[in-house]
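Student: Just add 15 to the spot in the sequence shown (first one is 1) and you have this note's numbering.
Built from N, CA and C at the ideal position, the CB exists for glycine as well.
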Amino acid sequence: MYKKFLLCSVLVLAGCATSNVPFAGKSYVLMGEVHDNALGHQARFKALEQAVQQGWRPAIAMEQFDRERQAELDQARSEQPNNPDYLIQKVGGSRWDWSLYRPVIELALRYDLPIVAANLSRKDASVVVKQGVSALADAQELGLMQPLPAGLLAAQREEVRVGHCGKLPENLLDGMALAQIARDTAMAKVMKPYQTRGVVLLAGNGHVRRDVGVPLWLPNTLSLGFVEASHKDIFDQENLIAPAQRADPCAGL
């Protein structure tokens, strides 16, 4: 039953039942992930690949690359434009399991799609945690010097608390919640130049949520969650995937 459900979800996303490009008319498509769930990565890639094969030519913005590294990414690509492994070697770092992202990078190179470094760096996130959003050089441009959407900080604060198993000191919660918000605004910022062309963001499910994530900072978005358990009404489309086998994430905290 599960396999059938997953297959149907992927077919709907990829537009297999229609000749139309499935994401046509949307400037910003946000496709989530559980970072270590290979099934989710495969389902998402299948949908993206088939959309591209049908004629969609979006830029691909990736959480896995910090925004400061765009020039390095472009340089590696110009040096070996058909070699995803070279790009990963030069810019990837050790934080991510690049075997899960290599198919997307290869797809972008094959179809000459822009790859956009989308994430706020850990260094900048740390600055926000310690000093607040005003310490970011582009805080005004990111929209962080204006009042935040109602309830957003409290909602992100609770997500941070739960995500760290309730074991973080209370005095860190607001700063870490603001850092998460800053990440979302940074991702939105780098996507905006591609509004006319269309752009897809590949990022954790938390970033693509309609209620607290990147969609709050962009118009005309389509949010697709790839989740291990149902979360009602926080994505435009929810796609259930079998949970990955992993150790208890709270055990070591």
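Under 6 Å Cβ to Cβ from Gly47, same chain only, skipping five residues before and after it: list those, please.
Tutor: Once the five neighbours on either side are set aside, the close Cβ partners of Gly47 are Asn220, Val223, Gly240, Phe241.
Student: If you draw a straight line from the C-alpha of Ala170 to the C-alpha of Ala86, how long is it?
Tutor: Approximately 34 Å between the Cα atoms of the pair.
Student: Between Glu83, Lys207, His56, Gln65, which has its C-alpha nearest Ala140's C-alpha?
Tutor: Cα-wise, what sits closest to Ala140 is Glu83.
Student: Ignore the nearest five residues each way along the sequence and tell me which others in Ala194's own chain have a CB closer than 7 Å to its CB.
Tutor: Answer for Ala194: Ala140, Val143, Val144, listed in chain order.
Student: Hey, Ala62 and Met206 are a contact pair by Cβ (cut 8 Å); roughly how many whole angstroms apart?
Tutor: Actually they do not touch by this definition, with Cβ atoms about 19 Å apart.
Student: What residue from Val49, Gln65, Ala53, Gln57 has the CA that sits closest to Phe38's CA?
Tutor: The candidate whose alpha carbon is nearest that of Phe38 is Gln65.
Student: Check whether chain B comes within 7 Å of Pro118, counting only Cβ atoms and requiring the distance to be less than that.
Tutor: The structure shown has no chain B; it contains just one protein chain.
Student: Between which two residues does the alpha helix (DSSP H) carrying Met191 extend?
Tutor: Per DSSP, Met191 belongs to the alpha helix (DSSP H) from 185–206.
Student: Measure the Cβ-Cβ separation of Ala286 and Leu54 and say whether it is below 7 Å.
Tutor: The question about residue 286 has no answer, for the chain in this structure spans 16 to 268.
Student: Should Ser93 go down as buried or exposed, given a rule of 16 or more other Cβ atoms within 10 Å for buried?
Tutor: Classification of Ser93: exposed, given that the 10 Å Cβ count is below 16.
Student: If we require 4 or more residues per run, which alpha helix (DSSP H) segments fall completely within the region 69–99?
Tutor: The qualifying runs are 85–94.
Student: Can you tell me where the alpha helix (DSSP H) holding Ile130 begins and where it ends?
Tutor: Segment 130–134 is the beta strand (DSSP E) holding Ile130; no alpha helix (DSSP H) there.
Student: Helix, strand or coil for Asn52? Go by DSSP, reduced to three states.
Tutor: Asn52 falls in the coil class under three-state DSSP.
Student: What residues match up with Gln252 in a beta bridge as DSSP calls it?
Tutor: Leu239.
Student: Can you give the beta carbon distance from Thr200 to Gly158, rounded, assuming they're within the 8 Å contact cut?
Tutor: Correct: roughly 6 Å between the Cβ atoms.
Student: Starting from the C-beta of Asn97, find all residues in its chain whose C-beta is less than 7 Å away, skip the five residues before and the five after it, and write them out in chain order.
Tutor: Here the set comprises Leu124.
Student: Identify which residue in Asp189, Ile130, Ala197 has its Cα closest to the Cα of Asp89.
Tutor: Ranking Asp189, Ile130, Ala197 by Cα distance to Asp89 puts Ile130 first.
Student: Do you know how far the Cα of Ile249 is from the Cα of Asp226?
Tutor: Each residue's alpha carbon lies about 6 Å from the other.
Student: So Leu135 and Ala197 are supposed to be a Cβ contact under 8 Å. How far apart are they, rounded?
Tutor: Yes, they are in contact, since the Cβ atoms of Leu135 and Ala197 sit about 6 Å apart, within 8 Å.
Student: How would you call Arg137, buried or exposed, if buried means at least 16 neighbouring beta carbons within 10 angstroms?
Tutor: Looking at its Cβ environment, which holds fewer than 16 other Cβ atoms inside 10 Å, Arg137 is exposed.
Student: Buried or exposed for Ala32, going by 16 or more other Cβ atoms inside 10 Å?
Tutor: Residue confidence for Ala32 is low, a pLDDT of 34 falling below 50, so the modelled location carries little weight; the figure read from the coordinates is stated next. So Ala32 ends up on the exposed side.
Student: I need the DSSP call for Leu157, collapsed to helix, strand or coil.
Tutor: Helix at Leu157.
Student: Roughly how many angstroms separate the alpha carbons of Ile120 and Trp232, rounded to a whole number?
Tutor: Taking the straight line from one Cα to the other gives about 26 Å.
Student: What is the rounded straight-line gap between the Cα of Gly40 and the Cα of Glu253?
Tutor: Cα-Cα distance, rounded: 20 Å.
Student: So the alpha helix (DSSP H) Val175 belongs to, where does it begin and stop?
Tutor: That run of the alpha helix (DSSP H) goes 167–178.
Student: Can you say whether Ser114 is buried or exposed, counting buried as having 16 or more other CB atoms within 10 angstroms of its CB?
Tutor: That one is exposed.
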